[in-house]
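Enquirer: First the structure, then my questions, so here it is.
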Amino acid sequence: MDGSTPVSRRSLLHGMGALGALAYLPGCKGGSKESVGAATESVGDGWARYKGTTINFISENTPPSAAIAANLKPFEELTGIKVNISQMELTKLVEKVSLDFSSGQAGFHVIYADPYQVLAPFSEGLVDLTKFLDKKDFPALENGLSDFISTQLDAGGRFLDRQKLYALPYDTPTMIWHYRADLFEKHKDKMAHDLGFDPTPSIQLTWEQYYAIARWFDKNAKSEIPYGTGHQAKQHDALMCDFSNVLWAYGGDYFQAGPELGLVGTKKPGKSTLSGNEAIAAAEFYNKLLKLAHPGSRTWDWDGVASAFQAGQLAMCPNWHEFAASNEKALPGKVGYAPLPRGPKRSANIWGGTGVGINANASDKEQAAAWLFINWATSPATQFMTLASEKGGGTPTRRSVYARPDVEAAKKRPSQLPNILAAEAVNEAWKPENIGLRPKVATWNQLDTILFTQVSRMLAGEIKPDEAMRSSAEKFDVVNKV
Amino acid sequence: MKRAGPSFEMRMMLPALLVLASLSLIPFVTLIVMSFSHVKLMGGIRFENAALENWHRLIEDADVRSSWVTSLVYFALTLGVEMASGIVFALVLHRVGRGRNLLLALAIVPMFMAPIVVGLLGRFLTDSTLGLYAWALRILGFEGDLLAGKTSALLTVIGMDVWEWTPLVALVTFAGLSAVPAPLVEAAAVDGAGYFQTLRYIVFPQIRRVLLVALLVRAMDAIRFFDIITITTNGGPADATKIIPVRLYETAFRFRELGYASVIGILMLAFSILMANAFVRVLGEKGLTR
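Heads up: the protein sequence lines correspond to chains Y and Z, in order. The first sequence begins at 3 in the working numbering and counts up one residue at a time. The second sequence begins at 986 in the working numbering and counts up one residue at a time.
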């Protein structure tokens, strides 16, 4: 990532504020936490013009929102705008946003716009943010749009039209390989001897080797670790995410257009390619892998598999990198991170980032106040605050935050910013050849449900892998009317 | 000369009747209209005529049929187990002398919990990593996860509902048992009737109406069972626990196909009415509804 940006008075002040915030990190001397995130206070002009306005922010219960909810005071003092934050499970969020948009009202002004479940189906309900980006009388977006990681800006913020921007990148969870570094280190030589390859997790290893490593742990280290691998294979969105990593690695995909559909998206994705040989091979491998996995896997979503890993039940698992902070709390210094294994085609690491947008039904005043909030919430200083917050543990979407020396230094233990311990693996996972982007289509909620239901049926032994994929493809085509 | 117009009583009730009508009739009519429409949500709600498309789709939808089968299995098992165990518990409680009130108070605690809490509690107790029940089952040789298997998942969510609502059946039955005239039971004893004979010929006929009320209450609730499944299995694995309310929720709020969801909802409503009528007919035969 390149972090080179021109230094303006505003960004200088932001930077000073952020450095001030660093002084208040846990474990650092002096100061109080109230000052964290106060970077924008000194900016002045334009921030206080909507004093007295109240805006409601609906978000998934993610670490960045927890951090922002705990550190809203600087924003409220700076702007005089009161922010109410509702945090909930993603499915509930989608339901509430859907009802809010349908009502024609704006119960929620700032929307946590998941690209697939909110942005694609409801893009008409979101404000095109370019109208605020160009306004001179509003505080400028610090460092401009180029400070966001471009893939994430497209995937999380655009739909159908590259000229429009519906959301600013807010969080960026990405699935990577979590493993018990202490156990791998302890058994490395014997594993290498038995398996015939260096088992150290890396992007060079294949899914078949991942399987062999998991089986090795099951056979040789049962007294230390009950299971070699665990997965998020509950009949839930999580199962689609877990399976997609393997699907793409094996060269399969949801539609002919492949990863391109993950950037700007489409309303007409065409016929599904899930019945292709690559997708079937992926399903066959996934079925084999899950037979070996912890039996609880079929009841776990991402939280479940993270809890099991942190409880010392699993030697390794694929999961969102933002669990690094809680891994460090549960197993300090014992966890390592790597990009996911490769299949015959590539390594694929599903990206689950989300943007924040504005409800188009809100009044002009509310929209403007909401813009000030999302400007602040995605600013480098606030992004750094969420990274450092004990309440949160999100990871930044800004290049400039990753370029900070203190963030760079935190990539090694002992780290004050535990999520950054996964940064090296995540940076590799974000490379265009390794990132996994779901198709951004308006019917995704149905397609997602079809896929995870059919894969769940496969895992339950009800249907064979090829049936699961063909059946998914047929149902996709019915939903998409092709 | 007789005064024209509604009676005094009717005039007094009229506002309440109008409120009730608006709360039930308007949504009902809307539901019917929606079932023949494609409902567009963005930019304000719009109904576009779909004629019989939604109803035709229902006939061909194997997934919805499968959910109905699961629902009926769930319905029969839940009601059967809750009624049987509730009655047994009430009979035991009725025989207890000292500490009966304490036992009763403890027994009814589950039904004061929100179903979502029951689901969460059940999920933790059966979790194969840290669950108490999972630990007990492992000692008995069961290595799997209760919510991971198709049959075990359905039985487990049924078990959670049974745990929560059996106390209600027990409470209602216990109230009925307390109202059985003691001289009748004593007379049966004098005539040499055993415990089970007394139950069959004296007690059950006396409490039959109360049992039917308990059955009716639980049946109406079981038709719309939702929370525990959502929090535990999300309808899985392999749709094994996707009963019709979960399918309805998914269609309406996840897929936003409100027209088709209305059709599913109308069928649920019809099923509820049929069940209620069946129970009321039985009650009517026994004179309770007269």
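Every residue gets a Cβ at the ideal spot worked out from N, C-alpha and C, and that includes glycine.
Are the region 160-167 of chain Y and the region 396-413 of chain Y in contact at 8 angstroms, needing three or more beta carbon pairs?
Expert: No contact exists between the region 160-167 of chain Y and the region 396-413 of chain Y.
Enquirer: Taking glycine 1161 of chain Z as part of the alpha helix (DSSP H), name the residues at either end of that continuous run.
Expert: Where glycine 1161 of chain Z is concerned, the enclosing alpha helix (DSSP H) stretches over 1135-1163.
Enquirer: Grouping DSSP H, G and I as helix and E and B as strand, with all else coil, what is histidine 1079 of chain Z?
Expert: Here histidine 1079 of chain Z sits in helix by DSSP.
Enquirer: Could you list which residues in chain Y have their beta carbon closer than 8 angstroms to that of methionine 1027 of chain Z, in chain order?
Expert: Within chain Y, the residues near methionine 1027 of chain Z are Phe103, Ser104, Phe124, Glu126 and Gly127.
Enquirer: Apply the 10 Å Cβ neighbour rule to cysteine 243 of chain Y and answer buried if 16 or more other Cβ atoms are within range, or exposed otherwise.
Expert: Looking at its Cβ environment, which holds 16 or more other Cβ atoms inside 10 Å, cysteine 243 of chain Y is buried.
Enquirer: How about proline 1152 of chain Z and methionine 1068 of chain Z: are their beta carbons less than 8 angstroms apart?
Expert: Result no, Cβ atoms of proline 1152 of chain Z and methionine 1068 of chain Z do not sit closer than 8 angstroms.
Enquirer: List the residues of chain Y that threonine 1063 of chain Z touches, going by C-beta distances under 9 angstroms, in chain order.
Expert: The contacting residues do not exist; threonine 1063 of chain Z stays about 21 angstroms from chain Y at best.
Enquirer: Does the ligand COA have a heavy atom nearer than 7 angstroms to the CB of glutamine 234 of chain Y?
Expert: Ligands are entirely absent from the displayed structure, and the ligand COA is therefore not among its contents.
Enquirer: Could I get the ranges of all uninterrupted beta strand (DSSP E) runs contained in the region 324-409 of chain Y, with 3 residues as the minimum, in chain order?
Expert: Qualifying beta strand (DSSP E) stretches, in chain order: 337-340 and 356-360.
Enquirer: Consider the Cβ of glutamate 464 of chain Y: report whether some Cβ of chain Z lies at a distance smaller than 8 angstroms.
Expert: So yes, glutamate 464 of chain Y belongs to the interface.
Enquirer: What number of angstroms, rounded off, separates the C-alpha of aspartate 173 of chain Y from the C-alpha of leucine 1196 of chain Z?
Expert: If I take the Cα positions, the gap works out to 55 angstroms.
Enquirer: Of the residues that make up the region 236-258 of chain Y, which ones have a beta carbon closer than 7 angstroms to any beta carbon in chain Z?
Expert: Answer set for the region 236-258 of chain Y: Lys236, Gln237 and His238.
Enquirer: Alpha carbon to alpha carbon, how far is alanine 444 of chain Y from threonine 356 of chain Y?
Expert: Computed Cα separation, rounded: 16 angstroms.
Enquirer: Beta carbon of leucine 1200 of chain Z, beta carbon of phenylalanine 1264 of chain Z: below 8 angstroms?
Expert: In this structure, phenylalanine 1264 of chain Z lies closer than 8 angstroms to leucine 1200 of chain Z by Cβ.
Enquirer: Can you tell me which residues form a DSSP beta bridge with methionine 90 of chain Y?
Expert: Its beta-bridge partners are Y:Glu62.
Enquirer: For a quick check, are the C-beta atoms of alanine 1138 of chain Z and threonine 1063 of chain Z less than 8 angstroms apart?
Expert: No, the Cβ-Cβ distance between alanine 1138 of chain Z and threonine 1063 of chain Z is not below 8 angstroms.
Enquirer: Residues of chain Z with CB under 7 angstroms from arginine 440 of chain Y, in chain order?
Expert: The contacting residues do not exist; arginine 440 of chain Y stays about 16 angstroms from chain Z at best.
Enquirer: Please go through the same chain and pick out, in chain order, the residues whose beta-carbon is closer than 6 angstroms to the beta-carbon of methionine 471 of chain Y, but skip the five residues on each side of it.
Expert: Leu276, Ser277, Ala281, Ile282 and Ala285.
Enquirer: Just the C-alpha distance for glutamate 324 of chain Y and methionine 1253 of chain Z, rounded to the nearest angstrom, thanks.
Expert: Approximately 42 angstroms between the Cα atoms of the pair.
Enquirer: Would isoleucine 274 of chain Y count as contacting chain Z if we go by Cβ distances under 8 angstroms?
Expert: Looking at the sequence itself, residue 274 of chain Y is serine, so the reference to isoleucine does not match. With 8 angstroms as the cut-off, serine 274 of chain Y does not count as an interface residue toward chain Z.
Enquirer: Per DSSP, what are the beta-bridge partners of leucine 316 of chain Y in this structure?
Expert: Answer is Y:Tyr229.
Enquirer: Please work out which residues of its chain come closer than 7 angstroms, Cβ to Cβ, to valine 1157 of chain Z, disregarding the five sequence neighbours upstream and downstream, and give them in chain order.
Expert: Contacts found: Val1195, Val1198 and Ala1199.
Enquirer: Determine, for asparagine 321 of chain Y, whether the minimum Cβ-Cβ distance to residues of chain Z falls below 8 angstroms.
Expert: Not closer than 8 angstroms to any Cβ of chain Z, the Cβ of asparagine 321 of chain Y fails to qualify, so no.
Enquirer: Let me check understanding here. Comparing Cα to Cα, which of Y:Gly54, Y:Trp446, Y:Asn351 and Y:Gly359 lies closest to tryptophan 250 of chain Y?
Expert: For the residues Y:Gly54, Y:Trp446, Y:Asn351 and Y:Gly359, the minimum Cα distance to tryptophan 250 of chain Y belongs to Y:Asn351.
Enquirer: What are the complete alpha helix (DSSP H) segments, minimum 4 residues, inside the region 1075-1134 of chain Z?
Expert: Entirely contained in the region 1075-1134 of chain Z, the alpha helix (DSSP H) runs reaching 4 residues are, in chain order, 1085-1092, 1100-1111 and 1117-1124.
Enquirer: Grab the span of the alpha helix (DSSP H) containing alanine 1199 of chain Z for me, first residue to last.
Expert: Start and end: 1189-1208.
Enquirer: Who does tryptophan 322 of chain Y pair with in a DSSP beta bridge?
Expert: Paired residue(s): Y:Met177.
Enquirer: Classify glycine 29 of chain Y as buried or exposed, calling it buried when 16 or more other Cβ atoms lie within 10 Å of its own Cβ.
Expert: Only weak support is given to the placement of glycine 29 of chain Y: the predicted model assigns it a pLDDT of 34, under 50, and the question is left unresolved by the model.
Enquirer: If the criterion is Cβ atoms closer than 8 angstroms, does the pair valine 1154 of chain Z and glycine 1221 of chain Z meet it?
Expert: No; because the gap between Cβ atoms is not below 8 angstroms, this pair is not in contact.
Enquirer: For the region 1235-1254 of chain Z, list every residue whose C-beta sits within 8 angstroms of some C-beta in chain Y, in sequence order.
Expert: From the region 1235-1254 of chain Z, only Glu1235, Phe1238, Arg1239, Phe1240 and Arg1241 have a Cβ closer than 8 angstroms to chain Y.
Enquirer: Looking at the unbroken beta strand (DSSP E) that takes in arginine 1031 of chain Z, where does it start and where does it end?
Expert: From DSSP, the beta strand (DSSP E) with arginine 1031 of chain Z extends over 1031-1034.
Enquirer: Run through DSSP, which three-state label would proline 171 of chain Y get?
Expert: The answer is strand: DSSP assigns proline 171 of chain Y an E or B state.
Enquirer: Verify whether the separation of the beta carbon atoms of proline 1225 of chain Z and lysine 1135 of chain Z is less than 8 angstroms.
Expert: For the sequence presented, residue 1225 of chain Z should be read as alanine rather than proline. Yes.
Enquirer: Residues bridged to glycine 438 of chain Y by DSSP?
Expert: Answer is Y:Ile352.
Enquirer: In this structure, how does DSSP classify threonine 55 of chain Y when only helix, strand and coil are distinguished?
Expert: Correct three-state label for threonine 55 of chain Y: coil.
Enquirer: Using beta carbons (cut-off 8 angstroms, strictly below), is glutamate 1171 of chain Z in contact with chain Y?
Expert: So no, glutamate 1171 of chain Z is outside the interface.
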